[in-house]
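**Student:** Residue numbers (our numbering): 767 to 891.
Beta carbons: idealized from backbone N, C-alpha and C, even for Gly.
Model, not experiment: these values are computed from the prediction.
Below is one structure. I have some questions about it.
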């Protein structure tokens, strides 16, 4: 279930992108699941087609979904690869903070600040 809050300062495409990404990551949407067409979802949510299209493009760029031409958009197996990359990046981060003497509380605050600022860079494979 997707809910768009028109009063939110977060743009609708980002609300949609974040909710779909969360459903993919928590496996509410399984690998291989077919997503609604852009036009259908736009109509259901009362959004512009371009708004939904942007959310889908960003999810595809992140490797969470794949578009198969006229067959539609599907949850990608690459999302699992992304989760594994995130685990490896987290382990590398733990090694860095330990080597520079940062405690766990501060390390978590650093990550939270980065996530809030939206400055999370893609990890190297």
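#1: Rounded C-beta distance between residue 898 and residue 808? I'm assuming under 8 Å.
#2: Rounded to whole angstroms, what's the CA-CA distance from residue 858 to residue 870? Just pull it up for me.
#3: Take residue 778 and list the residues in its own chain whose beta-carbon comes closer than 6 Å to its own, dropping the five residues that flank it on each side.
#4: Skipping 5 residues on each side, what residues in its chain have a beta carbon closer than 6 Å to that of residue 781?
#5: What residue range is occupied by the uninterrupted alpha helix (DSSP H) comprising residue 815?
#6: Output the distance between the C-alpha atoms of residue 834 and residue 849, rounded to the nearest integer angstrom.
#7: Along the beta strand (DSSP E) that carries residue 841, what are the first and last residues, could you check?
#8: Excluding sequence positions up to five away, which residues of its chain have a Cβ less than 7 Å from the Cβ of residue 796?
#9: Within the continuous alpha helix (DSSP H) that includes residue 768, where are the two ends?
#10: Skipping 5 residues on each side, what residues in its chain have a beta carbon closer than 7 Å to that of residue 843?
#11: Name the DSSP beta bridge partners of residue 833, please?
#12: Just verifying my parser: in three-state terms, what is the DSSP assignment at residue 800?
#13: Put residue 794 into one of helix, strand or coil per three-state DSSP.
**Tutor:** The relevant details are as follows:
#1: This structure cannot speak to residue 898, because the chain is shown only from 767 to 891.
#2: 14 Å
#3: 770, 813, 817
#4: 770
#5: 815-827
#6: 22 Å
#7: 839-841
#8: 841
#9: Here residue 768 belongs to no alpha helix (DSSP H), and DSSP marks it neither H nor E.
#10: 797
#11: 839
#12: strand
#13: coil
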